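S.K.: These protein sequence lines map, in sequence, to chains D and F.
Here the first sequence is numbered in this note's numbering, starting from 95 and rising by one per residue.
Here the second sequence is numbered in this note's numbering, starting from 8 and rising by one per residue.
By construction, the Cβ of each residue, glycine as well, lies at the ideal position given by its N, Cα and C atoms.
Here the structure is a predicted model, which is why all the values come from computation and not from measurement.
Encoded as structure tokens, here's the structure I'll be asking about.
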Amino acid sequence: MKITLVYLTVFLTGILVFVSLISSAPSPETVILGEWKEMKWEYEKVNKSENKDYSSHETQEQAGQHLIIHQAENWTFLPGGKLKLSGKKNDKIVSWRIKGRGHILELKYDNNSKEHYNLTRLDGDKMVLNFESDMQVRGIAKLTFEKLL
Amino acid sequence: MLRKFSNSRTLDDNLKLGTLTAFSAGMVNIASLMIFFSFSSNVTGHYAILAEEILKGNWYQAGVVFSWIFLFFFGSFVSNMMVIYLNGRNAYFAHALPIILEIMCLVSVGIYGQFFYRETLTETEALLCLMLFAMGLQNGLTASISNFAVKTTHLTGITTDLGILFSMFTMKKFRENEMLVGKAKLLLSIVLAYVLGAVFSGLIYFEIKFKVFYVVSFFLVLVIAYDFSKIRLLRYLAVNRTKEPVSRDPKSETRKVRQEEGISVV
């Protein structure tokens with residue numbers, strides 16, 4: 095009888111910890127909703143001895159040249175999995191999903207192609223996305239956003 | 008493969024069980040990585056991620072990772088409960104039950120993914136929960152019935168053991184030790200099966216998507232069916248023997264078959 099109580103206590107504690115953690119913070123799917131402004135593009139080289147440093151504009155032009163997001167300036171995450179990418183010239187609507195434990199942002203385009211970004215940081219006012227890229231040297235590109243609405 | 012318990016198991020029993028279940032685990036792990044971007048058969052990395060999410064103050068993510076670890080633990084717990092509480096009545100049933108439960112979990116993931124999955128984060132996390140529970144069940148079962156010789160869902164311990172064994176094999180006395188050589192064969196087979204399963208899963212995933220979980224379940228059905236067919240064969244042989252007009256004791260024949268089937272004999 096005593097051992098049953100001990101086991102029940104342990105399992106109930108486990109469930110309680112889970113419920114407390116989950117309910118203490120909103121889901122990344124909720125936090126991401128709204129309009130975000132691209133602040134800067136950075137590039138972290140794998141080999142630090144490479145002597146070229148890239149400006150935010152150069153990084154955007156080179157690392158993002160094959161990506162649809164690269165001409166966007168504002169990203170608006172809408173409920174229902176739609177993302178509006180607003181640029182100087184035009185707007186584009188794509189689909190978004192969050193995967194894993196909330197650490198992967200998946201963008202899906204009309205032709206069914208997908209792009210995946212690591213959600214390195216996501217809170218009420220700042221979002222950081224990382225993705226691997228081959229510019230002139232191999233490295234990781236970093237996009238920083240600030241929330242507008 | 009499943010009937011025998013602990014020290015009564017041979018190297019051959021462990022090899023069959025180890026390779027088939029490791030193949031399945033490799034398949035499940037790579038499928039979950041490709042679909043959900045998270046591992047499901049190993050939890051070492053999840054402990055590190057849990058610590059990282061706590062440090063960052065990402066409590067929601069910490070909760071999710073905690074639930075995955077907890078469910079892997081719970082799977083192993085349930086599996087061994089079945090083994091130790093039901094082993095006395097029918098060892099085959101006790102050892103097959105966790106695999107049946109695992110198949111149910113994986114088939115559920117397959118059916119849900121194929122027909123209902125809308126790719127929301129909640130669904131992703133719940134399906135991963137189910138897969139981690141299934142892997143906990145499998146690892147708990149194989150470790151339990153093989154006296155901790157077979158663990159098939161993660162390779163950290165196995166790689167460590169292989170490193171130790173291969174360093175021992177630099178000495179002749181260890182190279183000639185059949186038990187150590189057998190252990191090395193078993194561990195290498197598990198590693199190979201796991202990697203093959205992962206590669207196979209990765210290849211077929213692009214074609215069949217969520218149906219990959221039905222393929223995994225098929226391999227697990229093989230594990231159950233193999234022993235079931237052996238039991239049927241042994242029963243058939245026992246019945247035929249008792250019909251023979253040789254002065255044999257039918258009770259002792261039945262007793263022998265029941266022992267081979269893994270059913271407790273009083």
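#1: Using a C-beta cutoff of 8 Å, does Phe123(F) count as contacting chain D?
#2: Say whether chain F places a C-beta atom closer than 8 Å to the C-beta of Glu187(D).
#3: Apart from the five residues just before and just after Ser39(F), which ones in its own chain have a Cβ nearer than 7 Å to its Cβ?
#4: Could you tell me which residues DSSP puts in a beta bridge with His210(D)?
#5: What does Tyr137(D) pair with, by DSSP beta-bridge criteria?
#6: Find the residues of chain D that neighbour Thr51(F), judging by a C-beta separation of less than 8 Å, and give them in chain order.
#7: Compute the distance between the beta-carbons of Phe84(F) and Val50(F), then report whether it is under 8 Å.
#8: I'd like to know if Ala119(D) contacts chain F, where contact means its C-beta is closer than 8 Å to some C-beta of that chain.
#9: Mind checking Tyr54(F): buried by the 16 CB within 10 Å criterion, or exposed?
#10: The region 103 to 128 of chain F: which residues have C-beta closer than 9 Å to a C-beta of chain D, in chain order?
#11: What's the gap between the Cα of Gln68(F) and the Cα of Leu216(D)?
#12: For Asn21(F), which of Val230(F), Thr131(F), Asn247(F) has the nearest alpha-carbon?
#13: Can you tell me whether Met95(D) is buried or exposed, with buried defined as 16 or more other CB within 10 angstroms of its CB?
#14: Quick one: list the residues of chain F neighbouring Glu123(D), beta-carbon separation under 9 Å, in chain order.
#15: Looking at C-alpha atoms only, which residue of Glu226(D), Lys183(D), Ile192(D) is the closest neighbour of Glu136(D)?
#16: Hey, could you find the ends of the beta strand (DSSP E) Ser180(D) is sitting in?
#17: Enumerate, from N- to C-terminal direction, the unbroken alpha helix (DSSP H) stretches of 4 or more residues contained entirely within the region 49 to 128 of chain F.
#18: Assuming Gly117(F) contacts Phe217(F) (C-beta within less than 8 Å), just tell me the rounded distance between them.
#19: On the criterion of 16 or more Cβ atoms from any shown chain inside 10 Å, does Met221(D) qualify as buried, or is it exposed?
#20: Can you give me the start and stop residues for the alpha helix (DSSP H) that Thr170(D) sits inside?
#21: Quick one: which chain B residues come within Cβ less than 7 Å of Val111(D)?
#22: Which stretch, first to last residue, makes up the beta strand (DSSP E) that contains Lys186(D)?
#23: Got a sec, what are the start and stop residues for the alpha helix (DSSP H) Ala191(F) sits in?
#24: Between Ala69(F) and chain D, is there a C-beta pair that is closer than 8 Å?
#25: Just to confirm my understanding: we take Leu57(F), look at its own chain, exclude 5 residues before and 5 after, and list those with CB closer than 8 Å. What are they?
#26: How long is the line joining the alpha carbons of Leu237(D) and Met89(F), rounded to whole angstroms?
#27: From what residue to what residue does the alpha helix (DSSP H) around Leu316(F) run?
#28: Taking the beta carbon of Asn205(D) as the centre, do at least 16 other beta carbons fall within 10 Å, making it buried, or is it exposed?
#29: Identify the continuous alpha helix (DSSP H) that holds Ala32(F) and give its terminal residues.
#30: Suppose the cutoff is 8 Å on Cβ atoms and the five residues either side in sequence are ignored; what does the same chain contact list for Leu93(F) look like?
#31: What distance in whole Å lies between the Cβ atoms of Glu132(F) and Arg191(D), which are believed to be in contact at a cut-off of 8 Å?
#32: For Asn224(D) and Phe239(D), I'd like the C-alpha separation in whole angstroms.
#33: For the alpha helix (DSSP H) that Lys180(F) lies in, which residues bound it at each end?
#34: My output table needs one value for Leu102(D): the three-state DSSP class, helix, strand or coil.
#35: With distances taken from CA atoms, which of Ser189(D), Asp219(D), Ser118(D) is nearest Gly64(F)?
M.R.: Let me spell this out:
#1: no
#2: The amino acid occupying residue 187(D) in the given sequence is Ile; Glu does not appear at that position. No - not a single Cβ of chain F is within 8 Å of the one on Ile187(D).
#3: Ser45, Phe46, Ser47, Leu135, Met138
#4: Glu200(D)
#5: Ala235(D)
#6: Those within 8 Å of Thr51(F) in chain D number zero; the least Cβ separation is about 16 Å.
#7: no
#8: Put simply, the CB of Ala119(D) is near chain F, with a gap under 8 Å to one of its CB atoms.
#9: exposed
#10: Taking 9 Å as the cut-off between beta carbons, the residues of the region 103 to 128 of chain F near chain D are Arg125, Glu126, Thr127, Leu128, in sequence order.
#11: Taking the CA atoms as reference points, Gln68(F) sits about 11 Å from Leu216(D).
#12: Val230(F)
#13: exposed
#14: Thr127, Leu128, Thr129
#15: Glu226(D)
#16: Here the beta strand (DSSP E) through Ser180(D) covers 176 to 181.
#17: 51 to 63, 66 to 93, 98 to 122
#18: At roughly 5 Å, the Cβ-Cβ gap stays under 8 Å, so Gly117(F) and Phe217(F) are in contact.
#19: Burial check for Met221(D): the Cβ neighbour count within 10 Å reaches 16 or more, so the residue is buried.
#20: No alpha helix (DSSP H) holds Thr170(D); the beta strand (DSSP E) holding it covers 166 to 172.
#21: You won't find chain B in this structure, because its protein chains are D and F.
#22: Counting along the chain, Lys186(D) sits inside the beta strand (DSSP E) bounded by residues 185 to 193.
#23: Run containing Ala191(F): 185 to 215, per the alpha helix (DSSP H) assignment.
#24: yes
#25: Ala69, Val72, Phe73, Ile76
#26: Distance from the CA atom of Leu237(D) to the CA atom of Met89(F), rounded to whole angstroms, is 50 Å.
#27: What the structure shows of chain F is the stretch from 8 to 273, and residue 316(F) is not part of that stretch, so it cannot be assessed.
#28: exposed
#29: 18 to 43
#30: Phe100, Ala101, Leu104
#31: Incorrect: roughly 13 Å between the Cβ atoms, too far for contact.
#32: Cα to Cα, the separation comes out at about 12 Å.
#33: 179 to 182
#34: In the structure shown, Leu102(D) sits in a helix (DSSP, three-state: H, G or I).
#35: Comparing C-alpha distances from Gly64(F) to each of Ser189(D), Asp219(D), Ser118(D) shows the shortest one belongs to Ser118(D).
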